[in-house]
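J.:
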Amino acid sequence: FSSGRSLEFVATFSTTDGSQHAGFGVDFSSAPWAIFSTRGGGSLYARTNNGSQTIDTLIAGTWLGAAHRYRIDWNTGNVVFSIDGTQVTTTALSITANMRPLISDLFVGGSVIKVDWVHMSPYSTPAVFTSRVLDAGSVTSWSSISWTADVPAGTSLTMSVRTGNTPVPDGTWSAFTTPTTQSGTPVSGSSRYIQYRATLSTSNTTQTVTLRDVTIR
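The sequence shown begins at 1 in my numbering and counts up by one.
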């Protein structure tokens, strides 16, 4: 792929092993690359190489041994590295060669790099997620729906619910409520079953909403 892409992933790097890498590259045997890396082990680096220049930046803080959300924005004239939604460094190197997402763990038998998921822009819009049917166990009077989400500038998230008393939605179920952007919105009515629908949209295809959890009471 060419520049103008963003890569996001949740990963746990080893606290001891070096040569664990995740990010953009070709094969990691030769340049170019733009990666998060444990380099020699024991620390986390943002590493960039455009084939003629290398910049390795030590990232202050404690990042190894626990899962974090990493992001690399590969722009035309620089590479921006972020962790858990906070920019940690920017490398002013232009990488014109094509690269692809890669994950590497060089040493056999040592600790491993664990990667939960990887997403690369451009993100599709809109995207709709419909939950499984949730069973309260008996008829319940619903009061509200709330959620936790990351909604970057240029993105939006709306939520709606429908209710019914059959385990598979049918004609007796209500229609989905009017979509709302406000967590904690009241939910009226009584039923045994409930289902929610999340609609994620973006005007910037390098950004996406992250829906972390949903609670219906």
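For glycine and all other residues, C-beta sits at the position ideal for the given N, C-alpha and C.
1. Please work out which residues of its chain come closer than 8 Å, Cβ to Cβ, to L200, disregarding the five sequence neighbours upstream and downstream, and give them in chain order.
2. Any chance you could list the beta strand (DSSP E) runs of at least 3 consecutive residues sitting entirely within the region 8-68, in chain order?
3. Taking the DSSP output, what are the residues bridged to R197?
4. Which residues does DSSP list as the beta-bridge partners of R100?
5. On the CB-based measure, 16 or more other CB atoms within 10 Å of its CB, does L64 come out buried or exposed?
6. What would DSSP say about A92, mapped onto helix, strand or coil?
7. What first and last residue would you give for the beta strand (DSSP E) that runs through R212?
8. Cβ atoms of G41 and T16: under 8 Å apart, would you say?
9. With R100 and F24 assumed to form a contact (beta carbons below 8 Å), what rounded beta-carbon distance in angstroms separates them?
10. Go ahead and label D73 buried or exposed: buried means 16 or more other beta carbons lie within 10 angstroms of its beta carbon, across all protein chains shown.
11. Taking the continuous beta strand (DSSP E) assigned at I113, which residues delimit it?
12. Could you check the C-alpha separation between F1 and S141 for me, to the nearest Å?
13. Need the endpoints of the beta strand (DSSP E) that A149 sits in, please.
14. Apart from the five residues just before and just after W147, which ones in its own chain have a Cβ nearer than 6 Å to its Cβ?
T.: According to the structure shown:
1. Taking the first residue of the sequence shown as position 1, residue 200 is located at position 200. The answer, listed in chain order, is T125, P126, A127, V128, F129, T155, S156, L157, T208, V209, L211.
2. 20-25, 33-37, 45-49, 54-58
3. Taking the sequence shown and counting its residues from 1, one reaches residue 197 at position 197. The partner list for R197 (beta bridge, DSSP) reads T130, S160.
4. Along the sequence shown, one-based indexing puts residue 100 at 100. Beta-bridge pairing links R100 to G25.
5. Start at 1 with the first residue of the sequence shown, and residue 64 comes out as number 64. Answer is buried; the Cβ neighbour count reaches 16.
6. Here residue 92 corresponds to residue number 92 of the sequence shown, with the count starting at 1. Correct three-state label for A92: coil.
7. By one-based count along the sequence shown, residue 212 stands at place 212. Its beta strand (DSSP E) spans residues 210-216.
8. Looking up residue 16 in the sequence shown gives position 16. Looking up residue 41 in the sequence shown gives position 41. Yes.
9. Here the question's residue 100 lines up with position 100 in the sequence shown. Here the question's residue 24 lines up with position 24 in the sequence shown. Correct: roughly 7 Å between the Cβ atoms.
10. As a working note, residue 73 is residue 73 in the sequence shown. With 16 or more other Cβ atoms within 10 Å, it is buried.
11. Looking up residue 113 in the sequence shown gives position 113. From DSSP, I113 is part of no beta strand (DSSP E); its letter is neither H nor E.
12. What you label residue 1 is simply residue 1 of the sequence shown in a count that begins at 1. What you label residue 141 is simply residue 141 of the sequence shown in a count that begins at 1. Roughly 51 Å separates the two Cα atoms.
13. What you label residue 149 is simply residue 149 of the sequence shown in a count that begins at 1. First-last of the beta strand (DSSP E) with A149: 144-150.
14. As a first step, residue 147 must be located in the sequence shown, where it is residue number 147. Answer for W147: S183, V214, listed in chain order.
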